[in-house]
Amino acid sequence: MKLPAINTPERTAFDFLSAWRRKDYETMLKLCQITWVQTTDNAQQWLIDAFSQMDLKQLQIRSSRSAVNLVYVHIKVKFIIEGKTINSEFSIVTIRESAPYTPDVNGTWGVNPISIYRGLAWENRKNFTPIEIPEQKQ
């Protein structure tokens, strides 16, 4: 697969998913949306709780649709959960911000991990053990 261009929402999504495949939760956290990181208690632990139960085996960036600072990156993944191999397609929300609650065309792209978790949980609800979605601090 050809890598998406650097500093694009597609590349941010690809790098996040690649970090998930490696179980590199520190890198995953660095690639998250600024607002989500700043408003989620124990954000890195939430990532571990949400994604450690699955082993990502394949990923593919399919397409994207966007507004200026928000892009839905459509992905296709194959992962293993509780010994079952599952193929899934859904969209990841990526947002460009310079600070919490501050969309900015010159900001940094970040993945909203809730969009991935909800996409996986909805598509595969028969095989999923849900975890609590954290409340956002203001």
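Under this note's numbering, the first residue of the sequence shown is numbered 233, with each subsequent residue one higher. Just so you know, even glycine gets a beta-carbon here, dropped at the ideal spot from N, CA and C. Since the structure is predicted, the reported quantities are computational estimates derived from the model, not experimental observations.
What are the boundary residues of the alpha helix (DSSP H) that K308 is part of? Within the sequence shown, residue 308 is the residue found at index 76, counting from 1. Element bounds for K308: not the alpha helix (DSSP H) but the beta strand (DSSP E), 302-313.
Contact between the region 325-333 and the region 264-272 (3+ Cβ pairs under 8 Å): yes
I need the DSSP call for K289, collapsed to helix, strand or coil. Residue numbering aside, residue 289 sits at position 57 when the sequence shown is read from its first letter. DSSP places K289 in strand when its eight states are reduced to three.
Three-state secondary structure assigned by DSSP to V269: Residue 269 sits at position 37 when you count from the first residue of the sequence shown. Of the three classes helix, strand and coil, the one that applies to V269 here is helix, per DSSP.
Between the alpha carbons of T244 and L261, how many angstroms are there, rounded? Within the sequence shown, the letter at position 12 stands for residue 244. Within the sequence shown, the letter at position 29 stands for residue 261. Taking the straight line from one Cα to the other gives about 12 Å.
Taking only beta-carbon atoms, is Y349 less than 7 Å away from chain D? In the structure shown, chain D does not exist; there is a single protein chain.
Top-ranked residue by Cα proximity to T317, from N344, V325, D287, V303: For the purposes of this step, residue 317 is taken as the residue at position 85 of the sequence shown. Out of N344, V325, D287, V303, D287 has the C-alpha closest to the C-alpha of T317.
Give me the Cα-Cα distance between D273 and Q292, rounded to the nearest whole angstrom. As a working mapping, residue 273 is identified with position 41 in the sequence shown. As a working mapping, residue 292 is identified with position 60 in the sequence shown. Computed Cα separation, rounded: 30 Å.
When burial is assigned at 16 or more other CB atoms within 10 Å of the CB, is L279 buried or exposed? Here residue 279 corresponds to residue number 47 of the sequence shown, with the count starting at 1. That one is buried.
Per DSSP, what kind of secondary structure is T259 in: helix, strand or coil? Your numbering for residue 259 matches position 27 in the sequence shown. DSSP places T259 in helix when its eight states are reduced to three.
N301 and K310 - do their beta-carbons sit closer together than 7 Å? The residue given as residue 310 occupies position 78 in the sequence shown. The residue given as residue 301 occupies position 69 in the sequence shown. Their beta carbons are not under 7 Å apart, which means K310 does not touch N301 by this criterion.
When the Cα atoms are used, what is the spatial distance from V303 to N338? Residue 303 sits at position 71 when you count from the first residue of the sequence shown. Residue 338 sits at position 106 when you count from the first residue of the sequence shown. Approximately 15 Å between the Cα atoms of the pair.
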